[in-house]
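**Q** Following this message is one structure expressed as structure tokens.
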Amino acid sequence: MFKEFRDFIARGNVIDLAVGIVIGSAFTAIVKSLVNDVVMPPIGLILAGVDFSTLFVPLDGKTYESMAAATEAGAATINYGLFFNAVISFLIVAWVVFLIVRSINKMKKAEEEAPKEDPAPPREEVLLEEIRDLLKAQN
Numbered sequence: 002m003f004k005e006f007r008d009f010i011a012r013g014n015v016i017d018l019a020v021g022i023v024i025g026s027a028f029t030a031i032v033k034s035l036v037n038d039v040v041m042p043p044i045g046l047i048l049a050g051v052d053f054s055t056l057f058v059p060l061d062g063k064t065y066e067s068m069a070a071a072t073e074a075g076a077a078t079i080n081y082g083l084f085f086n087a088v089i090s091f092l093i094v095a096w097v098v099f100l101i102v103r104s105i106n107k108m109k110k111a112e113e114e115a116p117k118e119d120p121a122p123p124r125e126e127v128l129l130e131e132i133r134d135l136l137k138a139q140n
């Protein structure tokens with residue numbers, strides 16, 4: 002069973018998947034920072050200084066100074082600001098993945114459309130043609 006597991010792990014697809022997950026995790030951190038630190042502050046500024054990461058609705062009907070205060074009080078909250086940030090993060094990741102897949106498809110299409118040269122005939126065939134031509138020339 003250990004050998005079977007080792008063979009499974011050593012297959013190229015599993016290793017490629019693992020590399021993709023690691024890179025995806027790093028990319029997610031970059032996109033999260035992009036959304037929270039670059040995209041959302043100007044949007045919040047345009048919308049009268051709103052910080053989306055702090056927008057929430059407490060479900061117990063009370064008013065809390067901040068999301069942290071509501072959490073500390075044990076109140077259940079709907080954190081729609083964090084959801085909005087997550088939606089923007091998703092859209093950015095989806096757009097980047099779309100661009101990557103699109104460029105890969107263009108490269109594949111260019112390879113398929115590239116004119117293919119006829120393969121050179123085997124050496125024996127070339128030699129036989131030369132012998133034929135010499136024999137014709139002698140006659």
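Each number in my numbering comes from the position in the sequence shown (counting from 1) with 1 added on.
Note that beta-carbon positions come from the ideal geometry of N, C-alpha and C, so glycine has one too.
Looking at L56: is its Cβ nearer than 8 Å to the Cβ of G82?
**A** Yes, they are a contact pair.
**Q** Taking the Cβ atom as the reference point for each residue, do G62 and F53 lie within a distance shorter than 8 Å?
**A** For G62 and F53, no; Cβs fall outside 8 Å.
**Q** D8 to F28, Cα distance in whole Å?
**A** Cα to Cα, D8 sits roughly 29 Å from F28.
**Q** Over the uninterrupted alpha helix (DSSP H) stretch that includes S104, give me the two end residues.
**A** S104 -> alpha helix (DSSP H) spans Y81 to E114.
**Q** Spell out the partners DSSP gives P59 in its beta bridges.
**A** Answer is T78, bridged to P59.
**Q** Under a Cβ-count criterion, where at least 16 other Cβ atoms within 10 Å of its own Cβ denotes burial, should V36 be classed as buried or exposed?
**A** Burial call: buried.
**Q** Taking 7 Å as the limit between beta carbons, can you name the residues of its chain near N86, skipping five residues before and five after?
**A** So the qualifying residues of the chain are V36, N37, M41, F53 and S54.
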